[in-house]
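Report on the following structure.
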Amino acid sequence: MHKDDQALVFELSTPGRIGYSLPEMDVPETDINELIPAGYLREEEAELPEVAELDIMRHYTALSNRNHGVDSGFYPLGSCTMKYNPKINENVARFPGFAHVHPLQDESSVQGAMELMYDLQEHLIEITGMDQVTLQPAAGAHGEWTALMMVRAFHEANGELKRTKVIVPDSAHGTNPASATVAGFETITVKSDDNGLVDLEDLRRVVGEDTAALMLTNPNTLGLFEEHILEMAEIVHSAGGKLYYDGANLNAVMSKARPGDMGFDLVHLNLHKTFTGPHGGGGPGSGPVGVKADLIPFLPKPVLVKKAEKYVFDYDRPQAIGRVKPYYGNFGINVRAYTYIRTMGPDGLKAVTEYAVLNANYMMRRLQDAYDLPFDRHCKHEFVLSGKRQKKLGVRTLDIAKRLLDFGYHPPTTYFPLNVEECIMIEPTETESKETLDAFCDAMLQIAKEAEENPEIVQEAPHNTVIGRLDETLAARKPVLRYQKQ
Amino acid sequence: MKHRYLPMTEADKKEMLATIGVNSIDELFSDIPESVRFKGEYNIKPAATETALMKELTKMAQKNADLKSNTSFLGAGVYDHYMPVIVDHVLSRSEFYTAYTPYQPEISQGELQAIFEFQTMICELTGMDVANSSMYDGGTALAEAAMLSAGQTRRKKVLISSAVHPESKDVVQTYAKGQYIEVIEIPHNDGVTDLEALKEMISDDIAAVIVQYPNFFGRIEPLKELEEIIHAQKSMFVVSSNPLSLGALTSPGKFGADIVAGDAQPFGIPTAFGGPHCGYFAVTNKLLRKVPGRLVGQTVDEEGRRGFVLTLQAREQHIRRDKATSNICSNQALNALAASVAMTALGKKGVKEMALANIQKSNYAKKLFKENGFELAFEGPSFNEFVVKLNKPVKEVNQKLLEKGIIGGFDLGRDFSDLKNHMLVAVTELRTKEEIDTFVKEMGEYHA
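Residue numbers (the UniProt record's numbering), protein chains in the order written: chain U, 1 to 486; chain X, 1 to 448.
Printed below as a string of structure tokens:
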């Protein structure tokens, strides 16, 4: 063991210590061998740690100190919308009436929870311009798959069994083609043109009788608005396909353009991005799906409806794709999103988008001389730079990202989208102050200068993190995925 | 507008617009064609102040009958359990909850190590070699297990026990349709998977057999016999398991399971009206490279310091795109952290003690029901749930019980046509003798 190693909780374990206080065993006990059949009573105890409460707290506090969140510092991770996670959301989600209700209680005893869900649906319907919303999907990718299953059910209901292909742009997030595969479709890629937008000629070439849907983010992953969206919708619709909106980038267009008005038939939202459900170190998220009227029959069941002032889960949905998740979705995240939407109101949500876009454009202009700017036009909530100039000096985008760690920042998304060389994708969000944006830009400018004058300092970064660059090849070649007692 | 989440001042805005070289924010939206431009503001409720919103939402929450002000005997996959108070204190550390997926290991060692510890604890309980960093929930984890099995065996049929959670069965069914996999249900006999029926149904074109242990009715499935039947056809043996029960029961890994999946909700995760909970997914070494979702692995830095990274990412959607093992991206990391803290607090002794308390207390309730003239639908060993026959619709009974501050059990008639007027009762370690006695007394007049 290295002297700097952070102990694993298992290494803190000492037989005889406990960290729990279970309720009393106040019923008469029966010999356990009479209750559990021979061979089914566990013989070897599971090797869980034995640690007292204070040492557990210290362990996790030490771990938290080795972690960077939005509350620790700037986190401009492109396409992830790492905005502030309001604290009121956390309080509300912990109300006993929200945190400690059971999904299978009688509906009459959970009308408050259902009211919140219903009102959130109504708000999301207005925000997206769709006709109905389901809150069932647990995350963005889950929403994508749910929507594609609905597309499949729609085409099948119309006897169109040959619509087996889903089109995605070359700049699409990896979950798009992966979700298409899980929903039983084949993925076709449509190229981007020199302006970073979907190439309309190529789109016309790839659509046809076998097109089930086109999946699109707008603005796209380069942070650019697909200006020809109505033309694209026309191309896809006249071929008989459906248009799917990946809501990953909704923060860029709230109150400015709605997917429903742009011709989209289905949309998923990432409530953990635009609507401040915290990212939680990778989840849980929430990925509601909104649809136009002709797709409503295919929504996963149950569908939450309001009947005579009562909220009801409607299971009588003969054309539904089925259930996509036990119960009704990640309710706790939906509570947070609802609290946020109610906190912001219509003028607030509009301001969110305006500042998100202002901040991104400001940073883009401050950095455009030091780094290559592949698409020189107004961006939306995020923008991409290319590190190809620095690459010629022997400094890769990976090195720039690692050097940013020394300044106390979480680096931007790197090497994505795939169609930009040495890509650096920056999304500041609206909740950052000008001082923060300036300080980050100053660091980026300094790193560009270092790449020219003193590349080693960048190539060897980070210099002041708790650990240096880790050997990922070793991790993959000889996988150690759990602790084993020596 | 001024808002506490929006720090830009008018002066900032002016300066920034000048740097960009435009006169107004509107100009930045000039690329949105007029024809699709949304004019004005959303027709949604106006912004609420912190105080007003807290008040309104407090009232809304109070319209719900919660498990803490009432006494719950409702389980059916989601349970009211002891939650060590430290769990929420750890979760409230915003270095954890405001971070995202640990893509930058140098500043994410906390999250990565916590997940590595989670993976280890899940392996310990399930008796499996490898566990991933979490899935959405038990139902989708089971669906992923079905898909993995079909891919691995190149077979397109899956058998699922009728004693698996009905909502999980539905989810498996939905995913299976996407993958052109046929799902066939195995009947149960006296509340456990019917082995004779299984023997009839299984053949060498079955990708997997899915059972639940303890099953949806609380019964302990005969994993030993199941394993022999299933592996004789080289089908995958998939077990959905409540990980708490494994503190007292022999692990599915010990019985030769290929995949164990389920939900870690019993460990420190609130019921939260059904989510977010925490799916887990564990396999044998043989399936390591087929696992869906993220895996955390141990490695070293240049100076030999131990560290953790996301590993074997070539399985995942952001690398492999349409050829990925799954489309999962966001998972339930924060809830995996909650489960880790709870498992750590309970530790080696506590997890066993808690599991045994569930067996003892539910057994006490079971006996008490029988002594009071109730008939149980199924006899035989169970974990913390059992099925009671009633003379009235369960919904009706539950409404009466709620008037007494009791949240009654699950109405099996909803999903099982042969189990109308049957209540699935859950008794966890939280229920006191007094609460159990009162419950059985209040149920008095409803025995069939």
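Just so you know, even glycine gets a beta-carbon here, dropped at the ideal spot from N, CA and C.
Name the two residues that bound the continuous alpha helix (DSSP H) containing glycine 348/U.
-> It spans 331–367 - the alpha helix (DSSP H) in which glycine 348/U sits, taken as one unbroken run.
Note to self: Let me check understanding here. Comparing Cα to Cα, which of Gly143/U, Asp193/U, Glu115/U, Gly39/U lies closest to alanine 178/U?
What the structure shows: Measuring from the Cα of alanine 178/U, the nearest candidate turns out to be Gly143/U.
Could you give the residue range of the alpha helix (DSSP H) that holds isoleucine 115/X?
In this chain, the alpha helix (DSSP H) harbouring isoleucine 115/X covers 109–126.
Open item on the list: Taking the beta carbon of isoleucine 32/U as the centre, do at least 16 other beta carbons fall within 10 Å, making it buried, or is it exposed?
Closed with: Result: exposed.
- Message: Going by C-alpha to C-alpha distance, which of Ala338/X, Phe374/X, Asp411/X, Asn384/X sits closest to alanine 357/X?
- Response: Proximity to alanine 357/X across Ala338/X, Phe374/X, Asp411/X, Asn384/X peaks at Asn384/X, based on C-alpha coordinates.
Item checked: Contacts of serine 64/U in chain X (Cβ-Cβ under 7 Å) -> Around serine 64/U, the beta-carbon contacts reaching into chain X at under 7 Å are Arg93, Glu95, Phe96, Gly110.
- Task: With a threshold of 16 other CB atoms inside 10 Å of the CB of residue 488/U, please say whether the residue is buried or exposed.
- Result: What is shown of chain U runs 1 to 486, which leaves residue 488/U out entirely.
For chain X, check one thing: does any of its Cβ atoms lie closer than 8 Å to the Cβ of glutamate 354/U? At a cut-off of 8 Å between beta carbons, glutamate 354/U contacts chain X.
*Please state if the CB of leucine 430/X and the CB of proline 23/U are separated by a distance shorter than 8 Å.*
Taking 8 Å as the Cβ cut-off, proline 23/U and leucine 430/X qualify as a contacting pair.
Inset, instruction - Could you tell me which uninterrupted beta strand (DSSP E) segments, each at least 3 residues in length, are contained entirely in the stretch 101–134 of chain U, listed from first to last along the chain? - result: As far as the stretch 101–134 of chain U is concerned, its whole beta strand (DSSP E) runs of at least 3 residues are 132–134.
Serine 245/X versus Ile328/X, Thr126/X, Gly307/X, residue with shortest Cα-Cα distance
Looking at the Cα atoms, Thr126/X is the closest of the given residues.
- Query: Do the CB positions of valine 253/U and threonine 353/U come within less than 8 Å of each other?
  - Reply: Between valine 253/U and threonine 353/U, the CB-CB gap stays under 8 Å.
For isoleucine 1/U, which residues from the same chain have a beta carbon less than 6 Å from its beta carbon, with the 5 sequence-adjacent residues on both sides left out? Note on residue identity: the sequence assigns methionine, not isoleucine, to residue 1/U. Cβ neighbours of methionine 1/U beyond the five flanking positions: none.
| task | Kindly indicate if chain X contains any beta-carbon less than 8 Å away from that of phenylalanine 298/U. | result | No - not a single Cβ of chain X is within 8 Å of the one on phenylalanine 298/U.
### Query
lysine 256/U touches chain X at which residues, Cβ-Cβ below 8 Å?
Chain X residues near lysine 256/U: Phe29, Ile32, Arg37, Phe38.
inquiry  = Let me confirm a value: valine 27/U is counted as buried when at least 16 other C-beta atoms fall within 10 Å, else exposed. Which label applies?
reply    = Result: buried.
Taking the alpha carbon of leucine 57/X as the point to measure from, which residue in Glu50/U, Leu120/U, Gly16/U, Arg58/U has its own alpha carbon closest? Leucine 57/X has its Cα closest to that of Leu120/U, out of Glu50/U, Leu120/U, Gly16/U, Arg58/U.
- [ ] Taking only beta-carbon positions, decide if glutamate 403/X is within less than 8 Å of chain U.
- [x] Taking 8 Å as the CB threshold, glutamate 403/X stays off the interface with chain U.
Any C-beta of chain U sitting closer than 8 Å to the C-beta of threonine 271/X? Answer yes: the Cβ-Cβ gap between threonine 271/X and chain U drops below 8 Å somewhere.
Helix, strand or coil, according to DSSP, for cysteine 441/U in the structure here? Cysteine 441/U: helix per DSSP, three-state reduction.
Nonlocal neighbours in the same chain, by C-beta distance under 7 Å from phenylalanine 298/U, ignoring five residues either side:
Closer than 7 Å at Cβ, skipping near neighbours: Met150, Ala153, Phe154, Gln319, Ala320, Ile321.
Count the other CB atoms within 10 Å of the CB of threonine 9/X; is the residue buried (16 or more) or exposed (fewer)?
-> With fewer than 16 other Cβ atoms within 10 Å, it is exposed.
| query | Which residues in the same chain as arginine 66/U place their Cβ atom closer than 7 Å to its Cβ, once the five residues preceding and following it in sequence are excluded? | reply | Around arginine 66/U: Gln6, Val466.
Check your understanding: Along chain X, which residues have their Cβ under 8 Å away from the Cβ of isoleucine 457/U?
Key -> Neighbours of isoleucine 457/U in chain X, taken as residues whose beta carbon is under 8 Å from its own, are absent, since the nearest beta carbon is some 16 Å off.
message = Closer than 8 Å between beta carbons: that is the criterion. Which residues of the stretch 23–35 of chain U meet it against chain X?
response = The stretch 23–35 of chain U vs chain X, Cβ under 8 Å: Pro23, Glu24, Met25, Asp26, Val27, Pro28, Glu29, Thr30, Ile32, Leu35.
### Query
Which first and last residues belong to the alpha helix (DSSP H) in which alanine 213/U is found?
For alanine 213/U, no alpha helix (DSSP H) run applies; the uninterrupted beta strand (DSSP E) run containing it begins and ends at 211–216, by DSSP.
Against chain U: residues of the stretch 370–388 of chain X by CB proximity under 7 Å
Of all residues in the stretch 370–388 of chain X, only Pro381 place a beta-carbon less than 7 Å from a beta-carbon of chain U.
Quick check on phenylalanine 216/X - is its C-beta less than 8 Å from some C-beta in chain U?
Contact with chain U is absent for phenylalanine 216/X, since none of that chain's Cβ atoms lies less than 8 Å from the residue's Cβ.
Hey, is threonine 134/U's beta-carbon within less than 8 Å of any beta-carbon in chain X? Interface with chain X (8 Å Cβ-Cβ cutoff): threonine 134/U is excluded.
Query raised in the report: Is the beta carbon of histidine 228/U less than 8 Å from the beta carbon of leucine 28/X?
Result: Remark: C-beta atoms of histidine 228/U and leucine 28/X do not approach each other more closely than 8 Å.
Local conformation of glycine 297/X per DSSP, three classes:
The answer is strand: DSSP assigns glycine 297/X an E or B state.
- [ ] Note down, in chain order, all residues in the stretch 460–477 of chain U with a beta-carbon under 7 Å from any beta-carbon belonging to chain X.
- [x] Cβ contacts with chain X come from Pro462, Thr465, Val466, Ile467, Gly468, Arg469, Leu470, Asp471, Glu472, Leu474, Ala475, Ala476.
Count the other C-beta atoms from every protein chain shown that fall within 10 angstroms of the C-beta of lysine 177/X, then say buried if there are 16 or more, exposed otherwise.
-> Buried, since its Cβ has 16 or more Cβ neighbours within 10 Å.
Query raised in the report: Which ranges would you report for the beta strand (DSSP E) in the stretch 5–34 of chain X if only whole runs of at least 3 residues count?
Result: Runs of the beta strand (DSSP E) inside the stretch 5–34 of chain X: none found.
Using 10 angstroms around the beta-carbon of glycine 348/U, count the other beta-carbons present and answer buried if the total reaches 16, otherwise exposed. With 16 or more other Cβ atoms within 10 Å, it is buried.
Need the endpoints of the beta strand (DSSP E) that methionine 83/X sits in, please.
It is not in any beta strand (DSSP E) - methionine 83/X carries neither H nor E in the DSSP assignment.
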